[in-house]
Amino acid sequence: MDATVPMTPARRLRSIFSGSVGNLVEWYDWYAYSAFAIYFAPHFFPKGDSTAQLLDTAAVFAVGFLMRPVGGWLMGLYADRHGRKAALMASVLLMCAGSLMIALAPGYERIGLAAPALLVFARLLQGLSVGGEYGTSATYLSEMADSRRRGFWSSFQYVTLVMGQLLALALLVLLQRALLTEEQLHDWGWRIPFVVGALCAVTALYLRRGMEETESFAVARTRERQQRGSLRVLLQHPREVLTVIGLTMGGTLSFYTFTTYPQKFLVNTGGFSKADATLVSAASLLVFMLLQPLVGALSDRTGRRPILIAFGVLGTAFTYSILSGLASASTVGSAFAWVMAGLLIVSGYTSINAVVKAELFPAHIRALGVGLPYAMTVSLFGGTAEYVALWFKQIGRESDFYLYVTACVGVSLLVYVFMRDTKHHSRIDRDHDIADDRDADITLPDRTPIA
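So in the working numbering, spot 212 of the sequence shown is number 316, and the numbers just go up one at a time.
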């Protein structure tokens, strides 16, 4: 992007749309694994009871998260050195490759241990992609938005993230209730979503070609060439890095607990059918998705910190009760109400966490600063959520998982209480101040330029 050309509302909206659609496809591909795990688990892990098989697929789900810090590091470096657009296009290509690999992978009966090994490799590729997507996408949307509506526009990262998960579930509902039998889904129908995901990734790549680079990166490219994108520079911001880790820990664990795990929780603990569990997850995610821009817009009026504190207080106080209620739910309506209660609280984190992290860092290290510490924390807490929950169930102490989630939210609450409100101390606003100074230097040759 030429920083001397004004960013019109139309250009801004078009770029935000292109970035958001790509984000949707990325997260659809990522969550298709979780949504269809109950069907493909026997193909890759044929021995043991249903809990053991789900535990194996959850372990592979967690392994995919191990690559997310690597993706956050590599793509963050790339985005800070070569642009947000280039990094976002590369992440889509990696996701396409991983999805296609899962779609075509033979089962355990045909190639033995090579089958789960192939599944793990595909998830590692997808983890690399998603690890880079989050930090770069959060940076891009936050930088592209105008300061008055930054919370609102950046919330669309989670709108499209949840929409990707919702589309994966919607496809599952369509296949379950209209197109395929239960036997067909178990035999070969589970491959369909991964084929769809690979094709959609190609479309997303085309759309992202039309994205414009952000003004913040254009300014950083000319002013911070020697400092951009390195771990050494990132370590010059230890307080910001620790803030990202602390504010993410409870939020990401709660997010995965109430978005990806309920489908298995309702089947394995509540005794619901797979179709009913999918319906509850899909309906609650739809409402959750619509909440994101509302809470994001609220943060533009009240600040980011009060929203985060509300999530921390409510999550610490009610997570145990909500999960206990969900475990004892006997109807689809009551199960939906309990899941929705959890997601309503989690919205205080999901709607604004991206913009809060982006506002912490200067432009020349922003994508890496957002992506790497976030990905490390998600790998440790979000990626292991299902595995830890299933492990507690297997040893007969399922309620201990509820205490674990509560404790992590409590730790994040301490961070929210003591951190500064990034709405009033935003590094992104300083990018635009620098851009204004640079433009003034260009138009007024006799003015002493900023060193």
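For each residue, glycine too, the CB sits at the ideal point set by N, CA and C.
Coarse secondary structure for residue i, derived from DSSP in three states
i	result
residue 523	coil
residue 120	helix
residue 215	helix
residue 434	coil
residue 147	helix
residue 396	helix
residue 366	helix
residue 186	helix
residue 510	helix
residue 473	helix
residue 57	The question about residue 57 has no answer here: the residues shown for the chain are numbered 105 through 555.
residue 380	helix
residue 298	helix
residue 317	coil
residue 468	helix
residue 305	helix
residue 347	helix
residue 559	Any property of residue 559 remains undetermined from this structure, which presents the chain solely from 105 to 555.
residue 272	helix
residue 249	coil
residue 373	coil
residue 554	In this predicted model, residue 554 has a pLDDT of only 32, less than 50, meaning its place in the structure is not dependable; the value taken from the coordinates is given anyway. Coil.
residue 542	Interpretation of residue 542 is limited by its pLDDT of 47, a score under 50 that renders its predicted location unreliable; no figure is taken from the coordinates.
residue 358	helix
residue 203	helix
residue 501	coil
residue 456	coil
residue 171	coil
residue 210	coil
residue 334	coil
residue 530	coil
Best match in the options for proximity to residue i [C-alpha to C-alpha]
i	options	result
residue 438	529, 381, 508, 140	381
residue 241	130, 367, 440	130
residue 204	147, 136, 254, 267	136
residue 275	293, 187, 411	293
residue 372	262, 357, 142, 301	142
residue 175	239, 128, 139	239
residue 278	321, 386, 213, 338	386
residue 422	140, 445, 405	445
residue 234	523, 487, 525	487
residue 301	222, 507, 252, 273	273
residue 364	218, 265, 224	265
residue 319	355, 189, 360, 270	189
residue 513	256, 361, 186, 254	361
residue 199	217, 225, 211	225
residue 145	128, 212, 353, 179	212
residue 258	397, 218, 393, 497	397
residue 458	232, 374, 256	256
residue 405	245, 303, 523, 253	253
residue 497	339, 201, 197, 374	374
Cβ pair residue i, residue j closer than 8 angstroms
i	j	result
residue 173	residue 516	no
residue 415	residue 452	yes
residue 351	residue 491	no
residue 449	residue 408	no
residue 195	residue 316	no
residue 447	residue 369	no
residue 323	residue 467	yes
residue 489	residue 357	yes
residue 532	residue 247	yes
residue 126	residue 312	yes
residue 399	residue 413	no
residue 182	residue 268	no
residue 476	residue 526	no
residue 96	residue 171	No information on residue 96 is available, as it lies outside the stretch 105 to 555 that the chain covers here.
residue 298	residue 124	no
residue 184	residue 469	yes
residue 353	residue 485	yes
Endpoints, alpha helix (DSSP H) assigned at residue i
i	result
residue 286	286-291
residue 498	489-498
residue 256	254-258
Exposure of residue i, with buried meaning 16 or more beta-carbon neighbours within 10 Å
i	result
residue 306	exposed
residue 250	exposed
residue 285	exposed
residue 539	In this prediction, residue 539 scores a pLDDT of 46, lower than 50, which makes its location untrustworthy; no coordinate-derived value is stated.
residue 230	buried
residue 220	buried
residue 454	buried
residue 148	buried
residue 544	Unreliable placement is indicated for residue 544, whose pLDDT of 43 sits below 50; the coordinate value is still reported in the next sentence. Result: exposed.
residue 342	exposed
residue 206	buried
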